[in-house]
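First the structure, in the form of structure tokens, and then the observations on it.
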Amino acid sequence: MKEILTQINGIPIHKNFVENLPYNPKLKALLNEKRKAGILSEVIFWKQVRAKNFYHIDFDRQRIIGNYIVDFYVKKL
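The working numbering runs 457 ahead of the 1-based position in the sequence shown.
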């Protein structure tokens, strides 16, 4: 059985860690640009979830997965 990371409204959220996600190094320059851009909705969301303030979940911002850059990522999920 998977370990429970947290609970949201009484619903258990289980860990589901995936090792070795695909990574496209060509997106690194674009990633840095996106971090500096600061789209308002992302900034507001980030202020709510940073430092494990949202149900003690650790979010990463702008992460490369394969040929995509995801705005928010939870490594343990």
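For glycine and all other residues, C-beta sits at the position ideal for the given N, C-alpha and C.
At a cut of 8 Å, does the region 516 to 523 reach the region 484 to 500 through at least three beta carbon pairs?
Segments in contact, yes.
Is it buried or exposed for residue 462, if we count other Cβ within 10 angstroms and need 16 for buried?
The residue you call residue 462 lines up with position 5 of the sequence shown. A residue is called buried once 16 or more other Cβ atoms fall within 10 Å of its Cβ, and residue 462 is buried on that count.
Residue 525 vs residue 517 beta-carbon contact at 7 Å
Along the sequence shown, one-based indexing puts residue 525 at 68. Along the sequence shown, one-based indexing puts residue 517 at 60. Cβ atoms of residue 525 and residue 517: not closer than 7 Å.
Cβ atoms of residue 490 and residue 528: under 7 Å apart, would you say?
The sequence position of residue 528 within the sequence shown is 71, counting from 1. The sequence position of residue 490 within the sequence shown is 33, counting from 1. With contacts defined as CB atoms closer than 7 Å, residue 528 and residue 490 fail to qualify as a contacting pair.
Cβ-heavy atom distance between residue 528 and the ligand NAP below 6 Å?
Ligands in the displayed structure: none, and consequently the ligand NAP is not present.
Hey, residue 472 and residue 533: beta-carbon distance below 7 Å or not?
Residue 472 sits at position 15 when you count from the first residue of the sequence shown. Residue 533 sits at position 76 when you count from the first residue of the sequence shown. Going by C-beta atoms, residue 472 is nearer than 7 Å to residue 533.
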